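Report on one structure; see the data block that follows.
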């Protein structure tokens, strides 16, 4: 049986400056994951996060296949590339005001986390992006991570 | 006394297969923050029960920017909304990994270690309604 090995690299730069121009803090974290020799997919694309939440299916699988695969941990980068309203990022089934929102992004903002998609105890296995006002464009990069 | 700040964020990431296939994305943005009451940053210890990383912001329409990095060599870390371990999980961080998120709500953000106390690097900044 063929296998797939993937690695994921993330690097960031975050800084806070006060009104006098003094740097309060500056962080530049980065990491490269160990090789995931049982990786299922690298998924990237752009979707419209609508007023009806839009599921992002990992690797293009349908819900049943995703459920069987149980992706567990997924490196998740989501970027709001539209210009109007904020969007919510959640594990599927937890959108629309749930306490399990993982991010609320305004235009231009991004979210990054090694997400645990089935951590809510309801077998959630995909991501959802949604917006309560009007559809907004969202870009994403997902990579199957080594399970914890 | 509340203060005004400028927050800058940028990041890039890439996913690569052993076959040579690779995809990458990046982003950058600035938040101009006004009348901010709470800025926290540094290092802290996270135990196996819930440890508060970011206190619940007080007020209407505000939220927080949160960054957490697992500095441990072996154990994984859970980061969650509110205060209950294994509930409302935002991310699971293996050693060296980090997460960055923006949440526009008034909930606290907590973390818990897998098996033993973990040191983390973090910042948590309150953001105002206009950010």
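Chains as they are written, first to last, in the working numbering: chain S, 1 to 148; chain R, 1001 to 1131.
Think of the CB as a built atom: it goes at the ideal place given N, C-alpha and C, for glycine as much as any other residue.
Because the structure is a prediction, the values reported are computed rather than measured.
Check your understanding: Which value, in whole angstroms, describes the spacing of the CA atoms of residue 1121 (chain R) and residue 1065 (chain R)?
Key -> Working through the second chain from its first residue, we reach residue 1121 (chain R) at position 121. Working through the second chain from its first residue, we reach residue 1065 (chain R) at position 65. Those two C-alpha atoms are separated by around 14 angstroms.
**Study point:** residue 1013 (chain R), DSSP secondary structure in three states
**Key:** As a position in the second chain, residue 1013 (chain R) is number 13, starting the count at 1. In this structure, residue 1013 (chain R) counts as strand in the three-state DSSP scheme.
Check your understanding: By Cβ distance below 6 angstroms, which residues in the same chain neighbour residue 101 (chain S) in space, the five residues on each side in sequence not counted?
Key -> By one-based count along the first chain, residue 101 (chain S) stands at place 101. If we look at residue 101 (chain S) and ignore the five residues flanking it on each side, its Cβ neighbours are 88, 90.
Exercise for review: Spatial neighbours of residue 96 (chain S) within its chain, please: CB distance less than 6 angstroms, with the 5 preceding and 5 following residues excluded, ordered by chain position.
Suggested key: On the first chain, residue 96 (chain S) is found 96 positions in, with the first residue counted as 1. Low local confidence applies: a pLDDT of 49 at residue 96 (chain S) is under 50, so the model's placement there is unreliable, with the coordinate-based value given in what follows. So the list is empty, once near-sequence residues are dropped.
Review point. Whose C-beta lies closer than 8 angstroms to the C-beta of residue 1043 (chain R) among residues of the same chain, with five residues either side of it excluded?
Key: Within the second chain, the letter at position 43 stands for residue 1043 (chain R). Answer for residue 1043 (chain R): 1071, 1119, 1120, 1121, 1122, listed in chain order.
Check your understanding: Taking just the CA atoms, how far does residue 1117 (chain R) sit from residue 84 (chain S)?
Key -> As a working mapping, residue 84 (chain S) is identified with position 84 in the first chain. As a working mapping, residue 1117 (chain R) is identified with position 117 in the second chain. Going from the Cα of residue 84 (chain S) to the Cα of residue 1117 (chain R) covers about 42 angstroms.
Check your understanding: How about residue 19 (chain S): is its C-beta nearer than 8 angstroms to some C-beta of chain R?
Key -> Here the question's residue 19 (chain S) lines up with position 19 in the first chain. Closer than 8 angstroms: yes.
**Study point:** DSSP state of residue 33 (chain S) mapped onto helix, strand, coil
**Key:** As a working mapping, residue 33 (chain S) is identified with position 33 in the first chain. Here residue 33 (chain S) sits in coil by DSSP.
**Study point:** Test: residue 130 (chain S) CB closer than 8 angstroms to a CB of chain R
**Key:** Here residue 130 (chain S) refers to the residue found at position 130 of the first chain. No, residue 130 (chain S) does not count as interfacial toward chain R.
Point to revise | Assigned exposure category for residue 81 (chain S) - 16 Cβ within 10 Å defines buried | key: Reading the first chain from its first residue, position 81 is the one you call residue 81 (chain S). The residue is exposed, with fewer than 16 neighbouring Cβ atoms inside 10 Å.
**Study point:** Beta-carbon neighbours of residue 90 (chain S), restricted to chain R and to distances below 8 angstroms
**Key:** The residue given as residue 90 (chain S) occupies position 90 in the first chain. Correct list: empty, because the minimum Cβ distance to chain R is about 10 angstroms.
Exercise for review: Could you have a look at residue 1095 (chain R) and say whether DSSP puts it in helix, strand or coil?
Suggested key: Here residue 1095 (chain R) refers to the residue found at position 95 when the second chain is read from its first residue. It is coil, neither helix nor strand.
Check your understanding: By the 10 Å Cβ neighbour count, where 16 or more other Cβ atoms means buried, how is residue 1030 (chain R) classified, buried or exposed?
Key -> Reading the second chain from its first residue, position 30 is the one you call residue 1030 (chain R). Classification of residue 1030 (chain R): exposed, given that the 10 Å Cβ count is below 16.
Check your understanding: Where does the unbroken beta strand (DSSP E) through residue 112 (chain S) begin, and where does it stop?
Key -> As a first step, residue 112 (chain S) must be located in the first chain, where it is residue number 112. Note, residue 112 (chain S): beta strand (DSSP E), 110-116.
Review point. What does a CB cutoff of less than 6 angstroms around residue 112 (chain S) pick up in its chain, not counting 5 residues either side in sequence?
Key: The residue given as residue 112 (chain S) occupies position 112 in the first chain. Result list for residue 112 (chain S): 77, in chain order.
Point to revise | Own chain, CB closer than 6 angstroms to residue 16 (chain S), minus 5 neighbours either side, in chain order | key: In the first chain, counting from the first residue as 1, residue 16 (chain S) sits at position 16. Contacts found: 24, 25.
Review point. Is it a yes or a no for the segment 32-48 of chain S touching the segment 135-146 of chain S, going by three-plus beta-carbon pairs under 8 angstroms?
Key: yes
Check your understanding: For residue 1063 (chain R), which of R:1050, R:1089, R:1034, R:1047 has the nearest alpha-carbon?
Key -> Locating residue 1063 (chain R) in the second chain gives position 63, where the first residue counts as 1. Ranking the options by Cα distance to residue 1063 (chain R), first place goes to R:1034.
Review point. Residue 137 (chain S) versus chain R: which residues are under 8 angstroms apart at the beta carbon?
Key: Looking up residue 137 (chain S) in the first chain gives position 137. In chain order: nothing, as chain R lies at least about 13 angstroms away.
Practice item. Just the chain B side, please: which residues come within less than 7 angstroms of residue 4 (chain S) by C-beta, in chain order? Key: Absent from the structure: chain B. Protein chains present are S and R.
Point to revise | Nearest-angstrom Cα separation, counted from residue 1075 (chain R) out to residue 1105 (chain R) | key: One-based indexing of the second chain puts residue 1105 (chain R) at position 105. One-based indexing of the second chain puts residue 1075 (chain R) at position 75. Rounded to the nearest angstrom, the two C-alpha atoms are 29 angstroms apart.
Exercise for review: Spatial neighbours of residue 4 (chain S) within its chain, please: CB distance less than 6 angstroms, with the 5 preceding and 5 following residues excluded, ordered by chain position.
Suggested key: Within the first chain, numbered from 1, the residue matching residue 4 (chain S) stands at position 4. Answer for residue 4 (chain S): 39, listed in chain order.
Point to revise | residue 1013 (chain R) beta carbon less than 8 angstroms from that of residue 1003 (chain R) | key: Here residue 1003 (chain R) is taken as the residue at index 3 of the second chain, counted from 1. Here residue 1013 (chain R) is taken as the residue at index 13 of the second chain, counted from 1. No, the pair does not count as a contact, with Cβ atoms beyond the cut-off.
Check your understanding: Can you tell me whether DSSP reads residue 81 (chain S) as helix, strand or coil?
Key -> Sequence index remark: in the first chain, residue 81 (chain S) carries index 81 (1-based). In the structure shown, residue 81 (chain S) sits in coil (DSSP, three-state: anything other than H, G, I, E or B).
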